[in-house]
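S.K.: Take the sequence shown: its letter number 157 is residue 157 in UniProt numbering, and every next letter is one higher. Backbone N, C-alpha and C fix where the C-beta goes; we use that ideal spot for every residue, glycine too. My questions will all concern the structure given below.
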Amino acid sequence: YVEHEIEWTYHGPTKGPRHWCSLFDTCCGRSQSPLNLRFGKHDVTLKQNERFSFIKYNVPLESVTLQNTGHTAMLSITNKTISPKISGGRLNKTYVFEALHFHWGSSDVVGSEHEIEGRRYPLEMHLVHYSEEFSSLALAIDSNATDALAVIAVFFNIEFFNNTKLAVITDNLDAIRHRNEKIVVKTSLRLMKLLPSDTSQFFRYQGSLTTPACNEVVTWTLFGIPSYVSKQQMAKFRRLLASEKSEEAPQEMSDNYRPIQDENEREIFIYSN
C-alpha cells in the first residue's frame, strides 16, 4: 500500500475510481484488480511439498503501528527485524511482509474488493508482501515485475461473537479515527492468527494494486474459506474517517473498495491441498 502525491479518493465526482484512469495511466491496464472469482475453471491439487510456508508467522509481533492513511486502517510491525515471510503455495519466490490493511462497506452486503461468484463480503484484509530480491516495497513496485508483490486476501463474514484475534486492531481503531493519526500498540499477536483457520483452498491470479497507481505487479492469493468478524467490530471500522481532525466536514472512510475490473482472458486458478 503506497501513498501518492496525486490525490485520489473512493468517492466524489473527480477523483473517485472512475477517474483513476485519467489520473494514473497504469490504472487503465489490462491486468487490473479486483476481480469476481469463480469456481470450477482451473482446479489444481497441491502436492505436499507445494503447500504454503508461513515463515515467522507464528512469532509474536511485540508491538505494531496502527495508522489511518486517509484511505484505510493499516497495521505494520514496529520491530522490522521480525520480518515474517511467505513462500511455497506455487509462488516462485520468497516474499517479505510489509503491512496489512482493510477494505469494508457501510453495510454488510458490500465492502470486500474481490467477489466470489458475485458475492461481496463486508470486510476484506490484504497482507502485502514484496519479493525478497528487493530491499523495499517501493523498489519492488517500481520494478514493474509482474511478480514483485504477493498479496494475501482474507474475507470476513459477520458472526454473533467477537473475533478476539482481531481485537488488537478493532479495540484501537477509535485512537486513529482521523486521517494521519497513528499509534503504537504492544501486542502478542501472531500474523498466523489473522488467517482463516482453514487455508487449504485459495484462488490465484496475476493482477494489480487495487489503489493508484494500480501497478500490475501483484500475484494474488485469496483464501476461499472466510474468517469472521462481529457486528460490534464492524461498527468500529465504520467509525473511521477519511478526513483530518481539523476538517470541519467529516468524511466517512467506509466503502473504500475499488469496483470489479475486467478479467481480459486472465487465468484464475483454484488450488487445494
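Quick one: residues in its chain with C-beta nearer than 6 Å to the C-beta of S87, no 5 flanking neighbours on either side, listed in chain order?
M.R.: The sequence position of residue 87 within the sequence shown is 87, counting from 1. Same-chain partners within the cutoff: S53, T94.
S.K.: May I have the straight-line CA-CA distance separating I141 from T78, to the nearest angstrom?
M.R.: Mapped onto the sequence shown, residue 141 falls at position 141. Mapped onto the sequence shown, residue 78 falls at position 78. In a straight line, the C-alpha of I141 is about 22 Å away from that of T78.
S.K.: If we ignore side chains and look at the alpha-carbon of each, how far apart do I6 and Q261 end up?
M.R.: For the purposes of this step, residue 6 is taken as residue 6 along the sequence shown, with counting starting at 1. For the purposes of this step, residue 261 is taken as residue 261 along the sequence shown, with counting starting at 1. Cα to Cα, I6 sits roughly 22 Å from Q261.
S.K.: So, under 8 Å CB-CB, L61 and T187 are touching, yes? Tell me the CB distance rounded to an integer number of Å.
M.R.: The count along the sequence shown starts at 1 and reaches residue 61 at position 61. The count along the sequence shown starts at 1 and reaches residue 187 at position 187. Indeed they touch by this definition, with Cβ atoms about 6 Å apart.
S.K.: From the DSSP output, read off the bridge partner residues of W220.
M.R.: What you label residue 220 is simply residue 220 of the sequence shown in a count that begins at 1. DSSP, once it has assigned bridges, lists V151, Y205 as partnering W220.
S.K.: For V109, I'd like the list of residues in its chain whose CB is within less than 8 Å of its CB, leaving aside the five on either flank, ordered along the chain.
M.R.: For the purposes of this step, residue 109 is identified with residue 109 of the sequence shown, where counting begins at 1. Excluding residues within five positions, the ones whose Cβ falls inside 8 Å are R120, P122.
S.K.: Which residue wins for smallest C-alpha separation from A138, given the options A175, R266, A213?
M.R.: Counting from 1 along the sequence shown, the entry for residue 138 is found at position 138. Per the Cα distances, A213.
S.K.: Look up L61 in the DSSP assignment and say whether it is helix, strand or coil.
M.R.: In the sequence shown, counting from the first residue as 1, residue 61 sits at position 61. Three-state DSSP puts L61 in coil, outside helix and strand.
S.K.: Taking P226 as the reference, give the member of Q206, F202, R238 with the closest Cα.
M.R.: On the sequence shown, position 226 is the one that residue 226 refers to. Looking at the Cα atoms, F202 is the closest of the given residues.
S.K.: In three-state terms, what does DSSP make of V110?
M.R.: Position 110 of the sequence shown, counted from the first residue, corresponds to residue 110. Three-state DSSP puts V110 in coil, outside helix and strand.
S.K.: Tell me whether A73 sits in a helix, a strand or coil according to DSSP, three-state version.
M.R.: Here the question's residue 73 lines up with position 73 in the sequence shown. Here A73 sits in strand by DSSP.
S.K.: Between which two residues does the alpha helix (DSSP H) carrying A138 extend?
M.R.: To locate residue 138, count along the sequence shown from 1; it is residue 138. 137-142 is the extent of the alpha helix (DSSP H) around A138.
S.K.: Measuring alpha carbon to alpha carbon, tell me which residue in V64, M74, T199 is nearest T221.
M.R.: If you number the sequence shown from 1, residue 221 lands on position 221. The shortest Cα separation from T221 among V64, M74, T199 belongs to T199.
S.K.: So, are the CB atoms of E159 and Y228 less than 8 Å apart?
M.R.: Here residue 159 corresponds to residue number 159 of the sequence shown, with the count starting at 1. Here residue 228 corresponds to residue number 228 of the sequence shown, with the count starting at 1. Against a cut-off of 8 Å, the Cβ pair of Y228 and E159 comes out as a contact.
S.K.: What are the boundary residues of the alpha helix (DSSP H) that K231 is part of?
M.R.: Here residue 231 refers to the residue found at position 231 of the sequence shown. Start and end: 231-238.
S.K.: Quick one: any contact between the region 123-134 and the region 144-159, if contact means 3 or more CB pairs under 8 Å?
M.R.: Yes, the region 123-134 touches the region 144-159.
S.K.: Are R179 and N68 closer than 8 Å when you measure CB to CB?
M.R.: Here residue 179 refers to the residue found at position 179 when the sequence shown is read from its first residue. Here residue 68 refers to the residue found at position 68 when the sequence shown is read from its first residue. For R179 and N68, yes; Cβs fall inside 8 Å.
S.K.: In terms of residue numbering, what span does the beta strand (DSSP E) encompassing A99 cover?
M.R.: Along the sequence shown, read from residue 1 onward, the residue named residue 99 stands at position 99. That run of the beta strand (DSSP E) goes 95-104.
S.K.: Between which two residues does the beta strand (DSSP E) carrying S53 extend?
M.R.: In the sequence shown, the residue the question calls residue 53 occupies position 53. Counting along the chain, the beta strand (DSSP E) containing S53 begins and ends at 53-55.
S.K.: What did DSSP end up calling R190 once you bin it into helix, strand or coil?
M.R.: Residue 190 sits at position 190 when you count from the first residue of the sequence shown. Reduced to three states, the DSSP call for R190 is coil.
S.K.: Just the Cα atoms here: how many angstroms apart are L66 and K165?
M.R.: Position 66 of the sequence shown holds residue 66. Position 165 of the sequence shown holds residue 165. If I take the Cα positions, the gap works out to 15 Å.
S.K.: By the DSSP assignment, the beta strand (DSSP E) with L127 in it spans what residues?
M.R.: Indexing the sequence shown from 1 puts residue 127 at position 127. Run containing L127: 123-131, per the beta strand (DSSP E) assignment.
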